[in-house]
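In the numbering used here, the protein residues as written are 18 to 132.
Read the structure below first, then the notes.
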Amino acid sequence: MYLTLDEMVLRVCPRLEKLVPSLKSEINGKGECGCYTGLIRGVHMKGMALELDNDVWLLLTDQLHTMIHGLRVGSIISVRNVHFVDPKFSWTKVVILGACVKTSIIVESFSPLET
18 MYLTLDEMVL
28 RVCPRLEKLV
38 PSLKSEINGK
48 GECGCYTGLI
58 RGVHMKGMAL
68 ELDNDVWLLL
78 TDQLHTMIHG
88 LRVGSIISVR
98 NVHFVDPKFS
108 WTKVVILGAC
118 VKTSIIVESF
128 SPLET
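Take a look at the structure:
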């Protein structure tokens with residue numbers, strides 16, 4: 018992906034088009050395991066909570082994961098063997114991804130942003 022400032026043109030690499038955020042429709046949010054691919058929109062609580070795609074939150078339980086430099090705003094990540102939880106808040110629709118000891122985090126594309 019690149020951005021030119023003269024005419025503000027945004028170009029997305031064709032390889033990244035297949036990495037758009039994906040959430041299986043059969044996920045009920047009752048703790049079942051699955052995979053998720055998304056863009057990191059925010060990093061909170063010293064890296065223990067990652068905001069993905071504005072309505073999905075990845076909660077990390079192991080502080081060793083927070084030392085990964087690729088987990089920053091703008092990175093595209095895939096999370097495997099993660100638990101899907103739908104807290105059913107009345108004020109917002111959000112999905113929480115709970116990491117466990119079997120969870121793997123793969124950085125599909127590093128952030129082009131300098132942080």
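Glycine included, every Cβ here is placed at the ideal spot set by N, Cα and C.
Quantities reported herein were computed from a predicted structural model and do not represent experimental measurements.
message = For Leu75 and His86, I'd like the C-alpha separation in whole angstroms.
response = Taking the first residue of the sequence shown as 1, we reach residue 75 at position 58. Taking the first residue of the sequence shown as 1, we reach residue 86 at position 69. Their Cα atoms are separated by approximately 16 Å.
key: Span separating the alpha-carbon of Leu69 from that of Val118   = Taking the first residue of the sequence shown as 1, we reach residue 69 at position 52. Taking the first residue of the sequence shown as 1, we reach residue 118 at position 101. Going from the Cα of Leu69 to the Cα of Val118 covers about 20 Å.
Contact set for Phe127: own chain, Cβ-Cβ below 7 Å, skip 5 residues either direction = Reading the sequence shown from its first residue, position 110 is the one you call residue 127. Closer than 7 Å at the Cβ level, and outside the excluded window around Phe127, lie Gly87 and Ser92.
request  = Quickly, what does DSSP pair Lys47 with across the bridge? List them, please.
outcome  = As a working note, residue 47 is residue 30 in the sequence shown. Looking at the DSSP assignment, Lys47 forms a beta bridge with Val102.
request  = Identify which residue in Thr78, Asp72 and Asp79 has its Cα closest to the Cα of Trp108.
outcome  = Start at 1 with the first residue of the sequence shown, and residue 108 comes out as number 91. That would be Asp72, whose Cα lies nearest to the Cα of Trp108.
task = Report yes if the CB atom of Arg89 is closer than 9 Å to the CB atom of Thr120, and no otherwise.
result = Counted from its first residue, the sequence shown places residue 89 at position 72. Counted from its first residue, the sequence shown places residue 120 at position 103. Not closer than 9 Å, so no.
request  = Hey, could you find the ends of the beta strand (DSSP E) Ser121 is sitting in?
outcome  = For this step, residue 121 is matched to residue 104 along the sequence shown. Residues Ser121 to Ser126.
ask   = Cα-Cα, which of Ile113, Leu114, Val111 and Glu125 is closest to Ile94?
value = Start at 1 with the first residue of the sequence shown, and residue 94 comes out as number 77. Checking every option, the nearest Cα to that of Ile94 belongs to Glu125.
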